[in-house]
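Numbering (our numbering), first residue to last: -7 to 361. Think of the CB as a built atom: it goes at the ideal place given N, C-alpha and C, for glycine as much as any other residue.
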Amino acid sequence: MKIVICPDKFKDSISAIDVCSSLKKGLLVNNSDLNIISCPMADGGEGSLEILNYYLDLKPEEIIVNDPLFRPIKSTYYLSGKTAYIEMSSASGLYLLKKEERNCMNTSSIGTGQLILDAIKKGATSINLFVGGSATNDGGIGIASALGYLFYDSLDNLLIPKGQNLLSIHRIDKSEVKFNLKKININVICDVNNPLHGKNGAACVFASQKGANPNEINQLDKGLINLESVLIKHDFPNIANIPGSGAAGGVGGGSIAFLGAKLISGIQNFIKITQLERLIKDCNLIITGEGKLDSQTEKGKVISGVSKLALKYKKPIIAICGDADLETSKKLGIKKVYTILERAKSIEDSKKRVRDYLTEIGMELLTNL
(Lines of atoms letter the chains of each structure in order from A and count residues from 1; the text may use other names and numbers.)
(Lines give C-alpha, C1' and ligand atoms only; values in the text may rest on other atoms or scores of the structure.)
Protein backbone atom coordinates (compact mmCIF):
# COMPACT_ATOMS: atom_id res chain seq x y z
CA MET A 1 0.00 0.00 0.00
CA LYS A 2 1.39 3.37 -1.05
CA ILE A 3 0.52 6.35 1.16
CA VAL A 4 1.42 9.97 0.44
CA ILE A 5 1.59 12.23 3.51
CA CYS A 6 1.39 15.87 2.38
CA PRO A 7 0.44 18.26 5.21
CA ASP A 8 1.07 21.92 5.91
CA LYS A 9 2.51 23.03 9.24
CA PHE A 10 0.23 23.33 12.27
CA LYS A 11 0.74 27.03 12.99
CA ASP A 12 2.47 27.82 16.31
CA SER A 13 2.71 24.10 17.01
CA ILE A 14 4.64 21.82 14.61
CA SER A 15 6.33 22.03 11.21
CA ALA A 16 5.05 20.15 8.16
CA ILE A 17 8.25 18.08 8.16
CA ASP A 18 7.62 16.97 11.76
CA VAL A 19 3.94 16.26 11.04
CA CYS A 20 5.10 13.84 8.34
CA SER A 21 7.62 12.07 10.58
CA SER A 22 5.18 11.76 13.50
CA LEU A 23 2.42 10.28 11.34
CA LYS A 24 4.84 7.94 9.57
CA LYS A 25 6.12 6.67 12.91
CA GLY A 26 2.57 5.77 13.95
CA LEU A 27 1.61 4.21 10.62
CA LEU A 28 4.60 1.87 10.67
CA VAL A 29 3.96 0.51 14.17
CA ASN A 30 1.44 -2.08 12.96
CA ASN A 31 2.17 -1.93 9.22
CA SER A 32 5.92 -2.17 8.66
CA ASP A 33 5.57 -3.03 4.96
CA LEU A 34 3.80 0.21 3.98
CA ASN A 35 5.31 2.38 1.24
CA ILE A 36 5.06 5.82 2.84
CA ILE A 37 6.14 8.93 0.96
CA SER A 38 6.57 12.09 3.05
CA CYS A 39 5.88 15.24 1.08
CA PRO A 40 5.74 18.24 3.47
CA MET A 41 3.93 21.19 1.94
CA ALA A 42 3.45 24.94 2.31
CA ASP A 43 1.06 27.46 0.82
CA GLY A 44 3.26 30.53 0.45
CA GLY A 45 2.84 31.71 4.02
CA GLU A 46 5.04 31.24 7.08
CA GLY A 47 7.23 28.18 6.92
CA SER A 48 7.54 28.23 3.13
CA LEU A 49 11.31 28.67 3.13
CA GLU A 50 11.77 25.76 5.52
CA ILE A 51 9.92 23.55 3.03
CA LEU A 52 11.88 24.97 0.09
CA ASN A 53 15.10 24.15 1.92
CA TYR A 54 13.85 20.58 2.32
CA TYR A 55 13.71 20.18 -1.47
CA LEU A 56 16.27 22.68 -2.80
CA ASP A 57 19.90 23.61 -2.04
CA LEU A 58 19.67 27.24 -0.94
CA LYS A 59 22.33 29.64 0.35
CA PRO A 60 21.29 31.78 3.35
CA GLU A 61 21.90 35.55 3.36
CA GLU A 62 21.54 37.31 6.72
CA ILE A 63 21.23 41.10 6.87
CA ILE A 64 19.93 43.83 9.19
CA VAL A 65 16.50 45.20 8.26
CA ASN A 66 13.66 47.06 9.97
CA ASP A 67 10.99 45.01 11.72
CA PRO A 68 7.28 45.97 11.39
CA LEU A 69 7.80 48.80 13.92
CA PHE A 70 10.96 50.09 12.20
CA ARG A 71 13.39 48.56 14.72
CA PRO A 72 16.60 46.88 13.48
CA ILE A 73 16.57 43.07 13.41
CA LYS A 74 18.51 40.28 11.72
CA SER A 75 16.62 38.63 8.89
CA THR A 76 17.49 35.86 6.45
CA TYR A 77 16.57 35.17 2.85
CA TYR A 78 18.01 32.60 0.44
CA LEU A 79 19.81 32.61 -2.89
CA SER A 80 20.19 29.92 -5.52
CA GLY A 81 22.19 31.30 -8.44
CA LYS A 82 20.43 34.47 -9.55
CA THR A 83 17.13 33.51 -7.87
CA ALA A 84 16.21 34.86 -4.43
CA TYR A 85 13.68 33.30 -2.07
CA ILE A 86 12.28 35.73 0.49
CA GLU A 87 9.73 35.06 3.21
CA MET A 88 7.88 38.22 4.19
CA SER A 89 7.30 37.03 7.74
CA SER A 90 11.05 36.89 8.41
CA ALA A 91 11.17 40.70 8.29
CA SER A 92 7.55 41.81 8.64
CA GLY A 93 5.93 38.92 10.49
CA LEU A 94 3.33 39.11 13.21
CA TYR A 95 5.38 36.70 15.32
CA LEU A 96 8.12 39.36 15.60
CA LEU A 97 5.86 41.54 17.76
CA LYS A 98 4.67 41.13 21.32
CA LYS A 99 0.90 40.84 21.65
CA GLU A 100 0.58 44.39 22.98
CA GLU A 101 2.62 45.74 20.04
CA ARG A 102 0.36 44.30 17.37
CA ASN A 103 -1.63 46.93 15.51
CA CYS A 104 -1.44 47.11 11.73
CA MET A 105 -2.24 50.82 11.79
CA ASN A 106 1.36 51.31 12.95
CA THR A 107 3.24 48.56 11.13
CA SER A 108 5.17 48.59 7.87
CA SER A 109 6.44 46.08 5.30
CA ILE A 110 9.63 48.14 4.82
CA GLY A 111 11.88 45.31 6.08
CA THR A 112 10.64 43.01 3.34
CA GLY A 113 11.51 45.68 0.79
CA GLN A 114 15.01 45.89 2.28
CA LEU A 115 15.43 42.14 1.76
CA ILE A 116 14.35 42.50 -1.88
CA LEU A 117 16.75 45.41 -2.41
CA ASP A 118 19.67 43.47 -0.91
CA ALA A 119 18.94 40.49 -3.17
CA ILE A 120 18.92 42.73 -6.25
CA LYS A 121 22.20 44.35 -5.19
CA LYS A 122 23.70 40.86 -4.89
CA GLY A 123 22.75 40.03 -8.46
CA ALA A 124 19.33 38.40 -8.20
CA THR A 125 17.30 38.76 -11.38
CA SER A 126 14.43 36.57 -10.21
CA ILE A 127 12.74 37.01 -6.84
CA ASN A 128 10.18 34.72 -5.23
CA LEU A 129 8.43 36.51 -2.38
CA PHE A 130 6.39 34.31 -0.06
CA VAL A 131 3.77 36.39 1.70
CA GLY A 132 1.64 35.41 4.67
CA GLY A 133 1.92 35.73 8.42
CA SER A 134 2.53 39.46 8.12
CA ALA A 135 1.93 42.05 10.83
CA THR A 136 1.01 44.65 8.23
CA ASN A 137 -1.87 46.19 6.32
CA ASP A 138 0.04 48.86 4.39
CA GLY A 139 -0.80 47.92 0.80
CA GLY A 140 2.88 47.26 0.15
CA ILE A 141 3.94 50.90 0.51
CA GLY A 142 6.60 49.83 3.02
CA ILE A 143 8.18 47.50 0.47
CA ALA A 144 7.89 50.23 -2.17
CA SER A 145 9.53 52.86 0.05
CA ALA A 146 12.55 50.60 0.66
CA LEU A 147 12.99 50.46 -3.11
CA GLY A 148 12.81 54.22 -3.58
CA TYR A 149 9.13 55.14 -3.89
CA LEU A 150 8.08 58.23 -1.91
CA PHE A 151 4.54 58.93 -0.68
CA TYR A 152 3.20 62.42 0.05
CA ASP A 153 -0.01 63.82 1.54
CA SER A 154 -2.09 66.68 0.11
CA LEU A 155 0.21 69.25 1.79
CA ASP A 156 3.24 67.56 0.20
CA ASN A 157 4.50 66.18 3.49
CA LEU A 158 6.49 62.94 3.18
CA LEU A 159 4.53 60.07 4.76
CA ILE A 160 5.88 57.23 6.89
CA PRO A 161 4.94 54.01 5.04
CA LYS A 162 2.49 52.37 7.45
CA GLY A 163 -1.18 51.37 7.45
CA GLN A 164 -2.42 54.48 9.22
CA ASN A 165 -1.13 56.71 6.42
CA LEU A 166 -2.81 54.94 3.48
CA LEU A 167 -5.75 57.31 3.70
CA SER A 168 -3.45 60.35 3.51
CA ILE A 169 -1.59 59.40 0.32
CA HIS A 170 -2.10 62.04 -2.35
CA ARG A 171 1.02 61.78 -4.52
CA ILE A 172 3.52 59.05 -5.39
CA ASP A 173 7.05 59.92 -6.52
CA LYS A 174 8.91 57.13 -8.31
CA SER A 175 11.91 59.16 -9.50
CA GLU A 176 14.15 57.62 -6.81
CA VAL A 177 13.30 53.96 -7.52
CA LYS A 178 16.53 52.02 -7.16
CA PHE A 179 16.22 49.36 -9.87
CA ASN A 180 14.94 48.70 -13.39
CA LEU A 181 11.71 46.72 -13.14
CA LYS A 182 12.13 45.34 -16.64
CA LYS A 183 15.29 43.48 -15.62
CA ILE A 184 13.83 41.79 -12.52
CA ASN A 185 11.27 38.98 -12.53
CA ILE A 186 9.27 39.08 -9.30
CA ASN A 187 6.76 36.43 -8.26
CA VAL A 188 4.58 36.87 -5.20
CA ILE A 189 3.54 33.50 -3.85
CA CYS A 190 0.42 33.94 -1.73
CA ASP A 191 -1.88 31.70 0.26
CA VAL A 192 -5.17 33.58 -0.20
CA ASN A 193 -7.16 34.98 -3.13
CA ASN A 194 -8.86 37.92 -1.42
CA PRO A 195 -9.31 41.25 -3.26
CA LEU A 196 -7.58 44.44 -2.09
CA HIS A 197 -10.52 46.02 -0.26
CA GLY A 198 -14.19 45.55 0.55
CA LYS A 199 -15.90 42.97 2.76
CA ASN A 200 -13.60 40.20 1.53
CA GLY A 201 -10.54 42.44 1.31
CA ALA A 202 -7.31 42.66 3.26
CA ALA A 203 -8.50 44.87 6.12
CA CYS A 204 -12.00 43.47 6.66
CA VAL A 205 -10.87 39.84 6.70
CA PHE A 206 -7.41 39.92 8.27
CA ALA A 207 -6.73 43.21 10.10
CA SER A 208 -8.44 42.12 13.32
CA GLN A 209 -5.88 39.29 13.59
CA LYS A 210 -3.19 41.99 13.42
CA GLY A 211 -4.54 44.07 16.29
CA ALA A 212 -6.93 46.50 14.57
CA ASN A 213 -10.27 47.37 16.19
CA PRO A 214 -13.49 47.84 14.14
CA ASN A 215 -12.95 51.59 13.63
CA GLU A 216 -9.36 51.01 12.56
CA ILE A 217 -10.42 48.23 10.19
CA ASN A 218 -12.81 50.66 8.52
CA GLN A 219 -10.05 53.28 8.25
CA LEU A 220 -7.61 50.73 6.80
CA ASP A 221 -10.16 49.58 4.23
CA LYS A 222 -10.77 53.19 3.19
CA GLY A 223 -7.00 53.64 3.05
CA LEU A 224 -6.66 50.76 0.59
CA ILE A 225 -9.46 52.27 -1.52
CA ASN A 226 -7.55 55.56 -1.50
CA LEU A 227 -4.31 53.80 -2.46
CA GLU A 228 -6.07 52.19 -5.42
CA SER A 229 -7.42 55.59 -6.51
CA VAL A 230 -4.02 57.31 -6.25
CA LEU A 231 -2.33 54.46 -8.13
CA ILE A 232 -4.78 54.81 -11.02
CA LYS A 233 -4.24 58.59 -11.02
CA HIS A 234 -0.50 58.00 -11.36
CA ASP A 235 -0.95 55.50 -14.23
CA PHE A 236 -0.24 52.37 -12.20
CA PRO A 237 -2.32 49.26 -13.03
CA ASN A 238 -5.75 48.84 -11.43
CA ILE A 239 -5.19 46.18 -8.78
CA ALA A 240 -8.36 46.19 -6.68
CA ASN A 241 -10.18 43.16 -8.00
CA ILE A 242 -7.22 40.94 -8.85
CA PRO A 243 -7.55 37.72 -6.81
CA GLY A 244 -4.80 37.74 -4.20
CA SER A 245 -4.31 41.52 -4.25
CA GLY A 246 -5.45 41.56 -0.62
CA ALA A 247 -2.81 39.05 0.46
CA ALA A 248 -0.54 40.12 3.34
CA GLY A 249 -2.39 43.35 4.02
CA GLY A 250 -2.46 44.40 0.37
CA VAL A 251 1.14 43.45 -0.45
CA GLY A 252 -0.24 41.24 -3.21
CA GLY A 253 -1.73 44.20 -5.04
CA GLY A 254 1.03 46.61 -4.09
CA SER A 255 3.64 44.27 -5.54
CA ILE A 256 1.82 44.19 -8.88
CA ALA A 257 1.63 47.98 -8.97
CA PHE A 258 5.05 48.94 -7.61
CA LEU A 259 7.21 45.98 -8.66
CA GLY A 260 5.49 44.63 -11.76
CA ALA A 261 5.10 41.34 -9.90
CA LYS A 262 3.02 38.32 -10.82
CA LEU A 263 0.81 36.64 -8.23
CA ILE A 264 1.18 32.88 -7.99
CA SER A 265 -0.93 30.49 -5.92
CA GLY A 266 1.23 29.24 -3.08
CA ILE A 267 -0.17 25.74 -3.03
CA GLN A 268 0.10 25.38 -6.83
CA ASN A 269 3.72 26.52 -6.62
CA PHE A 270 4.53 23.86 -4.03
CA ILE A 271 2.59 21.16 -5.87
CA LYS A 272 4.90 21.85 -8.80
CA ILE A 273 8.12 21.96 -6.73
CA THR A 274 7.31 18.74 -4.86
CA GLN A 275 5.94 16.92 -7.93
CA LEU A 276 2.98 16.01 -5.73
CA GLU A 277 0.65 15.29 -8.64
CA ARG A 278 2.98 12.57 -9.94
CA LEU A 279 3.14 11.02 -6.46
CA ILE A 280 -0.64 11.06 -6.04
CA LYS A 281 -1.36 9.48 -9.44
CA ASP A 282 -0.39 5.99 -8.32
CA CYS A 283 -0.92 6.10 -4.54
CA ASN A 284 -3.61 4.27 -2.56
CA LEU A 285 -4.24 6.89 0.13
CA ILE A 286 -3.56 10.59 0.70
CA ILE A 287 -3.08 12.04 4.18
CA THR A 288 -3.03 15.83 4.44
CA GLY A 289 -3.54 18.33 7.23
CA GLU A 290 -3.05 21.78 8.72
CA GLY A 291 -3.58 23.56 12.01
CA LYS A 292 -7.19 24.50 11.37
CA LEU A 293 -9.58 23.34 8.68
CA ASP A 294 -12.20 26.08 8.24
CA SER A 295 -13.73 28.39 5.62
CA GLN A 296 -10.30 29.89 4.89
CA THR A 297 -9.05 26.43 3.88
CA GLU A 298 -11.05 26.64 0.65
CA LYS A 299 -9.23 29.84 -0.36
CA GLY A 300 -5.89 28.51 -1.54
CA LYS A 301 -4.68 26.54 1.48
CA VAL A 302 -2.80 23.23 1.33
CA ILE A 303 -5.75 20.95 2.09
CA SER A 304 -7.79 22.60 -0.66
CA GLY A 305 -5.07 22.10 -3.27
CA VAL A 306 -4.41 18.51 -2.24
CA SER A 307 -8.12 17.64 -2.18
CA LYS A 308 -8.49 18.84 -5.78
CA LEU A 309 -5.76 16.41 -6.83
CA ALA A 310 -7.47 13.64 -4.85
CA LEU A 311 -10.71 14.36 -6.70
CA LYS A 312 -8.93 14.49 -10.07
CA TYR A 313 -7.35 11.06 -9.59
CA LYS A 314 -10.22 9.58 -7.54
CA LYS A 315 -8.02 8.87 -4.51
CA PRO A 316 -9.29 8.63 -0.90
CA ILE A 317 -8.10 11.52 1.24
CA ILE A 318 -7.89 11.86 5.02
CA ALA A 319 -7.24 15.12 6.87
CA ILE A 320 -5.54 15.45 10.25
CA CYS A 321 -5.85 18.88 11.86
CA GLY A 322 -5.59 20.70 15.13
CA ASP A 323 -9.27 21.56 14.79
CA ALA A 324 -11.73 21.23 11.92
CA ASP A 325 -15.08 22.38 10.57
CA LEU A 326 -16.74 19.21 9.27
CA GLU A 327 -18.98 21.05 6.79
CA THR A 328 -15.93 22.46 5.04
CA SER A 329 -14.27 19.04 4.99
CA LYS A 330 -17.35 17.56 3.29
CA LYS A 331 -17.25 20.27 0.61
CA LEU A 332 -13.63 19.33 -0.09
CA GLY A 333 -14.47 15.63 -0.48
CA ILE A 334 -12.44 14.50 2.52
CA LYS A 335 -13.27 10.94 3.59
CA LYS A 336 -12.42 11.31 7.28
CA VAL A 337 -11.07 14.01 9.58
CA TYR A 338 -9.04 13.48 12.75
CA THR A 339 -8.43 16.39 15.11
CA ILE A 340 -5.86 16.84 17.85
CA LEU A 341 -8.29 18.81 20.02
CA GLU A 342 -10.71 15.87 20.34
CA ARG A 343 -7.88 13.95 22.04
CA ALA A 344 -6.13 16.69 23.98
CA LYS A 345 -7.07 17.91 27.45
CA SER A 346 -6.67 21.56 26.42
CA ILE A 347 -5.31 23.76 23.64
CA GLU A 348 -2.04 24.00 25.56
CA ASP A 349 -1.87 20.21 25.82
CA SER A 350 -2.66 19.85 22.11
CA LYS A 351 0.41 21.92 21.25
CA LYS A 352 2.69 20.42 23.89
CA ARG A 353 1.95 16.80 22.93
CA VAL A 354 1.12 17.24 19.25
CA ARG A 355 3.77 14.73 18.12
CA ASP A 356 2.39 12.06 20.46
CA TYR A 357 -1.16 12.65 19.28
CA LEU A 358 -0.14 12.53 15.61
CA THR A 359 1.71 9.24 16.16
CA GLU A 360 -1.35 7.89 17.99
CA ILE A 361 -3.58 8.84 15.06
CA GLY A 362 -1.13 7.21 12.67
CA MET A 363 -1.35 3.96 14.63
CA GLU A 364 -5.17 3.95 14.47
CA LEU A 365 -5.69 5.37 11.02
CA LEU A 366 -5.66 2.27 8.80
CA THR A 367 -7.82 0.21 11.17
CA ASN A 368 -10.57 2.85 10.91
CA LEU A 369 -10.69 3.13 7.11
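Residue interval of the alpha helix (DSSP H) (run including residue i)
i           : result
residue 196 : 194 to 198
residue 76  : First-last for residue 76: 75 to 79, but that is the beta strand (DSSP E), not the alpha helix (DSSP H).
residue 66  : Element bounds for residue 66: not the alpha helix (DSSP H) but the beta strand (DSSP E), 64 to 72.
residue 45  : 40 to 47
residue 362 : Because the chain spans -7 through 361 in this model, residue 362 falls outside it and cannot be assessed.
residue 130 : Careful: residue 130 lies outside any alpha helix (DSSP H) and carries neither H nor E.
residue 22  : 8 to 22
residue 297 : 294 to 304
residue 319 : 318 to 323
Residue i - DSSP class collapsed to helix/strand/coil
i           : result
residue 311 : strand
residue 94  : coil
residue 345 : coil
residue 209 : helix
residue 117 : coil
residue 150 : strand
residue 218 : helix
residue 273 : helix
residue 328 : strand
residue 354 : helix
residue 155 : helix
Contact under 7 Å by Cβ, residue i with residue j
i           : j           : result
residue 161 : residue 188 : no
residue 159 : residue 215 : yes
residue 292 : residue 183 : yes
residue 343 : residue 5   : yes
residue 136 : residue 250 : yes
residue 126 : residue 302 : no
residue 130 : residue 84  : no
residue -4  : residue 326 : no
residue 177 : residue 118 : yes
residue 95  : residue 193 : no
residue 195 : residue 217 : no
residue 362 : residue 138 : Limits of the chain in this structure are -7 at one end and 361 at the other, which puts residue 362 out of reach.
residue -6  : residue 22  : no
residue 116 : residue 180 : no
residue 107 : residue 69  : yes
residue 97  : residue 294 : no
residue 243 : residue 132 : yes
residue 72  : residue 50  : yes
residue 169 : residue 186 : no
residue 273 : residue 305 : yes
residue 280 : residue 316 : no
Host beta strand (DSSP E) of residue i (start-end)
i           : result
residue 182 : 177 to 182
residue 54  : 51 to 58
residue 290 : Element bounds for residue 290: n/a, residue is neither H nor E.
residue 142 : 142 to 144
residue 284 : 277 to 285
residue 29  : 27 to 30
residue -4  : -6 to -3
residue 169 : Where residue 169 is concerned, there is no enclosing beta strand (DSSP E), given that its DSSP letter is neither H nor E.
Any non-hydrogen atom of the ligand ZN within 6 Å of residue i CB
i           : result
residue 328 : Annotation note on the ligand ZN: not contained in the displayed structure, which lists no ligands.
Is the number of C-beta pairs between the segment 278 to 285 and the segment 49 to 61 that are closer than 8 Å three or more?
-> no
Contact between the segment 139 to 149 and the segment 235 to 242 (3+ Cβ pairs under 8 Å) = no
Sequence ranges, beta strand (DSSP E) only - wholly within the segment 224 to 267, length at least 3 = 254 to 257
Counting pairs of beta carbons, one from the segment 3 to 11 and one from the segment 242 to 257, are three or more of them closer than 8 Å?
-> no
The segment 330 to 346 / the segment 15 to 27 touching (three or more Cβ pairs under 8 Å) | no
Is it a yes or a no for the segment 119 to 128 touching the segment 64 to 84, going by three-plus beta-carbon pairs under 8 Å?
-> yes
Three or more C-beta pairs below 8 Å linking the segment 296 to 309 and the segment 259 to 269 = yes
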